[in-house]
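Structure first, then comments.
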Amino acid sequence: MKIAIYPGSFDPITYGHLDILKNASEIFDKVIIAVANNGSKTGFLTVDERVELIRQSIKGIDNVEVDSFEGLTVEYAKKHGANILIRGLRAVSDFEFEMQLSQTNSALCDEIKTVFLTTKPKYNFISSSTIKEIYKNNGDISKFVPKAVDDYLKSK
Ligand code: ADP
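Residue numbering for the sequence shown follows this note's numbering, beginning at 1301 and increasing consecutively.
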């Protein structure tokens, strides 16, 4: 059974993340989308809010689970019997950071492999940080995030 972990901040989850997740779910037997609880990084939404919004957004994708974790991603992956990490690539600008992260993770744990996926072009430019900017300036984010996220943020 090939289990993959898709770690990230997901603050909030976007259609870009969801597209990566759907692609991963077609390649691997099980995908765990794992919200990193990074104490030093103050989030827009709490980890619990992010997990709940992901839970609502992944309904219908059977082999995907959502969770959160603290500490090293490689340790979390080992605990769940996974040796694959999923990361998304948008533009060349993502590449340097993602390359460094994947090499760090494989240096920490030899068995861990990172698989990079891309989205459909229409989702490629979406990032959680631009969503937050649009939202804070009262713009419409419904084209960029799952309905659960849009509804929740409207009600906030
Ligand atoms: P992190 O803080 O760990 O980068 P993010 O939630 O910002 O967490 O992103 C998680 C992963 O999803 C990263 O690998 C990022 O490059 C990828 N990602 C985010 N948005 C997109 C998108 N629109 N297309 C492709 N990959 C994406």
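Ideal placement from N, C-alpha and C gives every residue a C-beta, glycine not left out. In this text the structure is predicted, and so the values were computed from the model without any measurement.
Proximity of the beta carbon of GLU1349 to ligand 1 is not indicated: no heavy atom of the ligand is located closer than 7 Å.
Residue pairing from DSSP places ILE1303 in a beta bridge opposite LYS1330.
Of the heavy atoms belonging to ligand 1, at least one sits nearer than 7 Å to the Cβ of ARG1390. At the C-beta level, ILE1305 and ALA1336 stay beyond 8 Å of one another.
Taking each of GLU1370, VAL1415, GLY1339 in turn and checking the Cα distance to ILE1320, the smallest one comes out for VAL1415. In the DSSP assignment, VAL1351 falls within the unbroken alpha helix (DSSP H) covering 1347 to 1357. Annotation: PRO1446 to SER1402 spans about 28 Å, alpha carbon to alpha carbon. Under the DSSP assignment, SER1368 falls in the beta strand (DSSP E) whose first and last residues are 1364 to 1369.
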